[in-house]
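Protein sequences appear in the order of chains A and B. Each residue of the first sequence is one higher than the last, beginning at 156 in the numbering used here. Each residue of the second sequence is one higher than the last, beginning at 4 in the numbering used here. Glycine included, C-beta positions come from ideal geometry on N, C-alpha and C.
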Amino acid sequence: MSLVTSIFLIPLLAAIVLAFVPRNYRVVMRGVAVFATFLSALLAVILFLEFGHAVAGPTGFKFEFQRQWVQALGISFHVGVDGINVGLVLMGAIVAFAAACCSWEIQEREKEFYILLLVMVGGILAAFASLDLFMFYFFHELALVPTFIMIGVWGRGERKNYATFQITLYLSLGALIALAGLIALYLESGANTFDIPALIAYARNHPFSSDAQHFIFPLLLFGFGILVSLWPFHTWAPPGYGSAPSPTAMLHAGVLKKFGLYGLIRFVLPLLPDAARSWMTVLAWLCLGNLLYCGWVAMRQKDFNWMVGYSSVAHMGFAFLGIASLNLIGVTGAVLVMIAHGFLAALTFGLSGYIYHETGTLEMEQLGGLLRKLPFIGAALTMAAFAGCGLPGFANFAGEITVLFGAWHAFAHHQAVVIIAVWAALIVGAVYMLRGVRRVLHGPVTEKWADVADASNPWRKVPFVVLLACLLIFGFFPRLLTDKISASLTAQLGPNFQTWALRSDKPEGHPESQIANRKSQINRSSWITPEPRSASHSTLQ
Amino acid sequence: MNPDFLAWIILFLPLVAAGLITLYFLPQRKVSAGLSTGAVIIGFVLSVIFVSWAGWQPAIRESAATWLAVGPLHVAFGLRFDPLSLLMILVVTGVASAIHVYSWGYMHEDPGFSRFFACLSLFTFSMLGIVLANNFIELFIFWELVGVSSYLLISFWHERPSAADAGKKAFLANRLGDFGFLLGILIVWSSLGSLNFGVLQDRLSAHAGALGSLATIAGLLIFCGAMGKSAQFPLHVWLPDAMEGPTPVSALIHAATMVAAGVYMLCRVSFLLDASALEVIGWVGGFTALLSAVIAVQQDDIKRILAYSTLSQLGYMMMAVGLGGDSQAMFHLSTHAFFKALLFLGSGSVILALHHEQNIWKMGGLRRQMPVTFWTFLAATFALSGVPPFSGFYSKDSIFAQATARHSYGLLVLGLAVAVLTAFYMFRLVFVVFLGSSRSPACDHAQESPPVVLWPLRLLAVFSIIGGYIGIEQVYEKQFGAAGAGHPLWQQLLAPFREAPIGAVLGILAAVLGFAGAYKLYSNVAKDPLPDKLGALSRAMANRFYFDELYQATVIRLHDALASIADWIDRWIIDGFCVGLARGGTDLTGRALRLLQTGNLQTYAFLFALGAALVLYLVLGK
């Protein structure tokens, strides 16, 4: 069994083991779940550390493993990692471990909960590791269905049923549209295979016809877009996360949601480059809906989890903006944002779950003054809030700044997009995050929180410490990720970056902008070469 | 062996201290304070060693590692060594050392003692990062970190709603400035293709017009960042509120270092600023200086008076930058760091003695009970008012000289008016607080502060007095060209009169005028005579010209309105209407289909027969 396979098989096997554990052995169930996720997180760390030394296969993937399954249709069990998904697998496995640790708040029907949790974890990790479209989709569904059940059964609040209903319909619809797109992709490619590297290699020589591209791309963009809460298909997210038990919210907002973005980067951009180019301005404006509009809506929220839910929708805007830039910097930034936001979303929902457990409410009007009672949780939440508004030192800043640089270069004629994005990143994000901290943690200490207790047990602290450590490590040393990501992106998308950049330069009327154009053309044509700046500058002179 | 490893140690020592305190030593107060203070004092000593080893202009000018490299985006994490950064780290670590020691005394009773030192260390780290940064993104990173440490320290007493709000406000006002700053960085990067200061300077000197039509815009956007951090009009509103933080914080961050970062940054990148951008910077600085000096005249809170005076002095520095006098700006920044830190620490000593009373009209006659505090405070007041031979006189005079040399008489007059006001409000403060008779029982029982508080005062007082002629300006001139030869001490003492006699004489006259006004109005009075004389103007000054209210009514209201509109759309249009329509449509289809499923066997049989007949007709009938 290969390393990658064991990372997602361990949780799935543990789920089967749990099925045979008697219902009243609570400690055992919890132990099995925590141990299984810990093991797969450990393996993911090993995978990440060994990544640099491992030998890449013919298609550029490392730790590959392939077994034919349905040969007639070209379906195989194919897993492997490259720079794009190795970080995602690492993030997913660590978040899964943190979510399992945070599951102590579940007090009833624990057996079912842990089984569903482990299935969800296995599904997500397998989806990120899969290099076969069929498996990719299958594993995603395997992870998605438990989400609905968990929100429906273990959810909280009065609007639980409505939220479950909405998230189920919405996400099923998104998955369905994406499925239609995937099937169309399979049929139109003519390669008769679901294997992603094979499809990409085939499409290099036999590109999709323009009609096919323009027909399939929107299906995948909006299908995946719904799954990632692209504006205006985002309204499932805040109520869903507001009602979900915190381990579910951590896993979904942190990991599962990145599936759609990953799909776009992994095979939509390489397979449908022309359609991608023509849709990108639209996508850029839509992602402002996420960044600015959802940021504004977040400012108005009264429930802390709804606010965090909207902020997580808003953060997805950065990932979309990075993808929309269609250049190496932007897409690398998008992957970095995905990983950073995974850790952050898990951290925030885990902490808010703790506060809910202690106080019984997340209404910000009723909270306040908690920092004195909860020094550890409060400090962690403050750090999470700062990571959320893009403070340097946390991984989110590295991702966001990279996206902004990429977008600034890509949208030479639509700089308003980037200006608004910077506004949303620096101002709007800070406003709601600091308001949240102010209302929940700061202020006079009140009598009613006399019984509130901080996380004194080290076990309660572990998940938060681990997640914060990851945010800080990748924030201080983003190269751990970006070097891997950009190398793989160049290998997979390199030719596309060049064509995208060259074609999108259309001269305009003003002499000024023509000069600017020529400049940016010179810069852009040199996107891929390793040290283009000095070169491009000398051409400028 | 190269000396540059020392600089890395200087930079990272405070971070290590902050990390260790947060992780392990929060319950051990003495260890925390020792770590934090030790880190900054060692940093100061190492800085002195570095300078004496490598000189002001080391052979190795940069020491860098790659932080992030994606395609053409190359961000280094590097340190830059030149006279500007080296003298500045001496100032930062020196002043910070004094303030760390002072904090042992000042914060002694506070339950958050360890947390306070952790935040101070984090701040010191960020400030040193700004000073040593060799590229724009690194500068921006530390820029933001300074913002956050300031937030943490202002809202240090987070149970107090006013402190919590003040911290939030400071962070957001800084972020507003950073919005422009980041856009400026993006423009510079995309037009010049680098982020490194040295490379940028070389490229610009090789091709003066490389920024093209964007030069002014880029310069002004970068200035936006400085406006936020250095609290220039119209982003000045956060600084007076920041006085909610503990007094050592006000001294370190909101007087000596953080707010100076904006000026420092502009001097660092002054090669990017073109003439029109400089013009704007100069006038914004001059206007801020005047506005806040006027407001300071009618404030009653001892720390707020000093806060507005800080704003006003920062205005001077900006004005100097705008006049092309980078070394003058940095000179004033350095002397100001000494005497303003001293003023704040002195006021802290008073506040401590009066059990956290900050209203000057409840003080009085403290000269007798607190002699050391009084004499050091007086020295700083002389320095700030520009009385020779105190340090402020020399640095302020160099700015006047620069204005004269540039024939910018508008700014010169503005600067002199501010000088009059400065002397006026500072001596008002001294007369009311230290002289005259006591106005409350607390004053009668006030006691001089402990030695741990007084020694930093004495130390800073020495530098406030001699800072003007120990060669600070000469070091900065090495950075910005036009380095004059070193003069012996006695010549430097008289240099202003020899080189720019008009500015020097006018400056002294302004100080005397301000002093005379303050003496006439405020020696031995029970309450402030000005409100009766000025009427509405005085109320406007006391209310800070209603800027807070203005922002409340416009910017904040607008954003909230936009937010509620977005919220409404989200709730009713997108979620309610669109999703509702989709759901309603599905629901309706379901209901319609249900009508067909009557469960009536005869109906099914009839429809089945009908269908069969239809199929038969279609197949056979044609």
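Close CB contacts of residue 239 of chain A within its chain, under the 7 Å cut and outside five residues either way in sequence, are with 420, 421, 490, 640, 643, 644 (chain order).
In this structure, DSSP gives residue 588 of chain B a helical state, which the three-state scheme calls helix.
Around the beta carbon of residue 359 of chain B, a 10 Å sphere encloses fewer than 16 other beta carbons of the protein chains shown; the residue is thus reported as exposed.
Per DSSP, reduced to three states, the secondary structure at residue 496 of chain A is helical.
Within the region 528–594 of chain A, complete alpha helix (DSSP H) segments of at least 4 residues are found at 530–543, 550–565, 570–578, given in chain order.
Annotation: residue 452 of chain B is outside any beta strand (DSSP E) and is labelled neither H nor E by DSSP.
Here residue 268 of chain A carries a helix assignment [DSSP, helix/strand/coil]. The three-state reading of DSSP puts residue 438 of chain B in coil, since its state is none of H, G, I, E or B. The alpha-carbon separation between residue 610 of chain A and residue 620 of chain A amounts to approximately 11 Å.
Taking 8 Å as the cut-off, the Cβ atoms of residue 64 of chain B and residue 200 of chain B do not count as close. Sequence-ordered contacts of the region 543–557 of chain A with chain B read 544, 545, 546, 547, 548, 552, 553, 556, 557 [C-beta pairs closer than 9 Å]. Residue 357 of chain B is not a Cβ neighbour of residue 406 of chain B, given a cutoff of 8 Å. Contact with chain A is found for residue 178 of chain B, since one of that chain's Cβ atoms lies less than 8 Å from the residue's Cβ. The beta strand (DSSP E) runs lying completely inside the region 268–331 of chain B and spanning 3 residues or more number zero. With a 10 Å radius around the Cβ and a threshold of 16 neighbouring Cβ atoms, residue 397 of chain B comes out buried. The beta carbon of residue 464 of chain B sits closer than 8 Å to the beta carbons of 345, 378, 379, 382, 383 from its chain, once the five residues preceding and following it are set aside; these are given in chain order. Residues of chain B whose Cβ lies closer than 7 Å to the Cβ of residue 600 of chain A are, in chain order, 162.
Looking at the DSSP output, residue 233 of chain A shares a beta bridge with A/221.
In the DSSP assignment, residue 254 of chain A falls outside any beta strand (DSSP E) and within the unbroken alpha helix (DSSP H) covering 238–256.
Nearest C-alpha to residue 594 of chain A among B/412, B/401, B/171: B/171. DSSP, reduced to helix, strand and coil, places residue 69 of chain B within a strand of the structure shown. For residue 432 of chain A, the enclosing alpha helix (DSSP H) begins and ends at 428–443. Selection A/343, A/636, A/299, A/334 evaluated against residue 322 of chain A yields A/299 as nearest (Cα-Cα). Here the alpha carbon of residue 158 of chain A sits roughly 18 Å from the alpha carbon of residue 294 of chain A.
Minimum Cα-Cα distance from residue 561 of chain A among the listed residues B/53, B/471, B/610, B/73 corresponds to B/73. Judged by pairs of C-beta atoms under 8 Å, the region 289–303 of chain B touches the region 319–334 of chain B, as three or more such pairs exist. For the pair residue 534 of chain A and residue 328 of chain A, the Cα-to-Cα distance works out to about 39 Å. Residues of the same chain with a CB within less than 6 Å of the CB of residue 220 of chain B, apart from the 5 flanking positions on each side, do not exist. DSSP places residue 197 of chain B outside both helix and strand once states are collapsed to three, so it counts as coil. The DSSP assignment places complete alpha helix (DSSP H) segments of no fewer than 4 residues inside the region 127–191 of chain B at 139–157, in order along the chain. Straight-line measurement puts the Cα of residue 208 of chain A at about 46 Å from the Cα of residue 451 of chain A. Close partners of residue 463 of chain A in chain B (Cβ separation under 8 Å) are lacking, with about 16 Å as the shortest Cβ gap. Here the C-alpha atom of residue 518 of chain A lies approximately 21 Å from the C-alpha atom of residue 531 of chain A.
Annotation: residue 465 of chain A to residue 284 of chain A spans about 28 Å, alpha carbon to alpha carbon.
Judged by their CB atoms, residue 541 of chain A and residue 151 of chain B are nearer to each other than the 8 Å cut-off. Within the model, the alpha-carbon separation for residue 5 of chain B versus residue 61 of chain B is close to 10 Å.
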